[in-house]
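Written out below as structure tokens is the structure these notes cover.
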Amino acid sequence: MSINKNSFWAYVTLGALGIFGPILFPDYTLSIAYLWMMV
Numbered sequence: 006m007s008i009n010k011n012s013f014w015a016y017v018t019l020g021a022l023g024i025f026g027p028i029l030f031p032d033y034t035l036s037i038a039y040l041w042m043m044v
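In this text, residue positions in the sequence shown follow my numbering: the first is 6, and each later residue adds one.
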């Protein structure tokens, strides 16, 4: 199963936001956690 480039970059972006989001936006950590639960 292969993914195209657009899907790959979408997953990379989501992963980066998941890792750096709480560091860059510490006030929104709970909102980021809710977003990850929905994804």
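No residue lacks a Cβ here, since even glycine has one placed at the ideal position from N, Cα and C.
These figures come from a predicted structure and were not determined experimentally.
Asparagine 11 to isoleucine 28, Cα distance in whole Å?
Start at 1 with the first residue of the sequence shown, and residue 11 comes out as number 6. Start at 1 with the first residue of the sequence shown, and residue 28 comes out as number 23. Distance between the alpha carbons of asparagine 11 and isoleucine 28 is about 26 angstroms.
Helix, strand or coil, according to DSSP, for phenylalanine 13 in the structure here?
Residue numbering aside, residue 13 sits at position 8 when the sequence shown is read from its first letter. Here phenylalanine 13 sits in helix by DSSP.
So tryptophan 41 and glycine 20 are in contact, right, with Cβ under 8 angstroms, and what is the actual spacing, rounded?
Along the sequence shown, one-based indexing puts residue 41 at 36. Along the sequence shown, one-based indexing puts residue 20 at 15. Contact flag wrong, Cβ pair sits at about 10 angstroms.
Taking isoleucine 37 as part of the alpha helix (DSSP H), name the residues at either end of that continuous run.
Taking the first residue of the sequence shown as position 1, residue 37 is located at position 32. Residues 34–43.
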